[in-house]
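What follows is a single structure, written as structure tokens, with notes after it.
Have a look at this one:
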């Protein structure tokens, strides 16, 4: 069973560690809100994301990237709201991390 994990909190708090421990090989992680800060390539959070298997898909909400003046690294696929809805339908489960 595949899961889309939604993370909106700052990557320097506990939820990122919890998400990374529970990600399955065919799961995906969508960063939105303050979680997009994990995409600063010099951050510890980005280093952690780099350790994920290549089969784990990484997404970031385009609007939140723009609001924080961030770009998406090569491995990260930016998505708009319609694509976000499509992702939710594509995976068996959607898990929002509070």
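Numbering (this note's numbering), first residue to last: 688 to 785.
All C-beta atoms, glycine included, are put in the ideal place defined by N, C-alpha and C.
Take residue i as the anchor and find which of the options has the nearest alpha-carbon.
i	options	result
residue 764	756, 749, 711 and 702	749
residue 730	760, 713 and 711	760
residue 739	767, 703 and 766	703
residue 746	766, 711, 724 and 722	766
residue 762	716, 721, 756 and 755	716
What does the Cβ neighbour count give for residue i, buried or exposed, with the cut at 16 atoms within 10 Å?
i	result
residue 752	buried
residue 714	buried
residue 709	exposed
residue 775	exposed
residue 772	exposed
residue 768	exposed
If I measure Cβ to Cβ from residue i and keep anything under 6 Å in the same chain, skipping five residues before and after, which residues do I get?
i	result
residue 688	779
Would residue i and residue j qualify as a contact pair, given that the criterion is a beta-carbon distance under 9 Å?
i	j	result
residue 707	residue 781	no
residue 695	residue 783	yes
residue 732	residue 699	yes
Leaving out five residues on either side along the sequence, give the residues of the same chain with a beta carbon under 7 Å from the beta carbon of residue i.
i	result
residue 721	695, 696 and 697
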